[in-house]
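Participant: Using this note's numbering, the letters of the sequence shown map in sequence onto residues 4 to 225.
Backbone N, C-alpha and C fix where the C-beta goes; we use that ideal spot for every residue, glycine too.
After the structure tokens below, expect a handful of questions from me.
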Amino acid sequence: MIIEHARDMLKRERLFFDKIQAHIGEVNGTISIGCSSLIGQTLLPEVLSLYNSQFPNVEIQVQVGSTEQIKAHHRDYHVMITRGNKVMNLSNTHLFNDEHYFIYPKDRKEDVTKLPFIEFQADPIYINQIKQWYNDHLGHDYHATITVDQVATCKEMLLSGVGVTILPKIMMKNIDKNMFEFEKVTIDKKPLIRSTYMSYDASMLQLPQVDAFVNLMLNFIR
């Protein structure tokens, strides 16, 4: 209780200081960003590099974790970038959709259902969609014999020949198409889609450093 109160007081002090800087009109102060692990491993590093080069006087604070963890602590961040659904009671900007692909070694096509399935941590609805596709498309019961907490670890295991998996398109860079087969995942004849959103309280855009980040992200995506 005391720790939570102290965190709340520090956050209020930070916001007060940032608002003073906003009145001055300078792009400085602090920006706090909460980001899902997948985006933290793919998109965010390049965006932050651009942001830091353009606005070197801004202190950047980043927390990377599961979408559920980031959403649970949404009050700690000026901006969140998460996967799945929109965040309630916040402004949500849709960034992009990811299709998904079942990926396996070309030389093991006949053994696909015998190879270990590598599953990365995600919300239950998402995992159930993957299970449904696997059961329907391959005619075997889904059983993830290897589970990992990061999608990047899942990809590395795939590349090392450990097993097969389903990955979002954003994670498919640097996978050799001469060595691996890609099958688009569809549910009820529609592609399995995972959306990425940038979420924030609209009042945060009054802070120049937040407004600058939001605009940079949108320009980077589009």
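Residue range of the beta strand (DSSP E) that Y203 falls in?
Facilitator: Element bounds for Y203: R197 to Y203.
Participant: Mind checking who H97 pairs with in its DSSP beta bridge?
Facilitator: H97 pairs with Y200.
Participant: Please name the residue in I178, A125, L170 and N181 whose C-alpha comes closest to that of V188.
Facilitator: Measuring from the Cα of V188, the nearest candidate turns out to be L170.
Participant: Helix or strand or just coil, what does DSSP make of G43?
Facilitator: Helix at G43.
Participant: Helix, strand or coil for Q124 per DSSP?
Facilitator: Correct three-state label for Q124: coil.
Participant: I need the DSSP call for Y145, collapsed to helix, strand or coil.
Facilitator: Three-state DSSP puts Y145 in coil, outside helix and strand.
Participant: So what's Q66 in DSSP terms, helix, strand or just coil?
Facilitator: Strand at Q66.
Participant: Report all residues from its chain with a CB closer than 7 angstroms to the CB of P108; omit the five preceding and five following residues, and keep chain order.
Facilitator: These residues qualify, in order along the chain: G164, M182 and F183.
Participant: Could you check if E62 is buried or exposed, using at least 16 other CB atoms within 10 Å of its CB as the buried criterion?
Facilitator: Classification of E62: exposed, given that the 10 Å Cβ count is below 16.
Participant: Examine the Cβ distances between the stretch 71–78 and the stretch 42–53 and report whether three or more of them are shorter than 8 angstroms.
Facilitator: They do not touch, by the three-pair rule.
Participant: Using the DSSP secondary-structure output, state which residues sit across from H77 in a beta bridge.
Facilitator: In the DSSP output, where bridge partners are listed per residue, H77 has none listed.
Participant: Can you give me the C-alpha to C-alpha distance between S206 and D214, rounded to a whole angstrom?
Facilitator: Each residue's alpha carbon lies about 10 angstroms from the other.
Participant: Just to confirm my understanding: we take M160, look at its own chain, exclude 5 residues before and 5 after, and list those with CB closer than 8 angstroms. What are they?
Facilitator: Cβ neighbours of M160 beyond the five flanking positions: I121, I149, V151, G166 and T168.
Participant: Can the beta-carbon of I42 be found closer than 9 angstroms to that of T156?
Facilitator: Going by C-beta atoms, I42 is not nearer than 9 angstroms to T156.
Participant: Excluding the five sequence neighbours on either side, which residues of its own chain have a C-beta within less than 6 angstroms of the C-beta of F223, listed in chain order?
Facilitator: Excluding residues within five positions, the ones whose Cβ falls inside 6 angstroms are V50.
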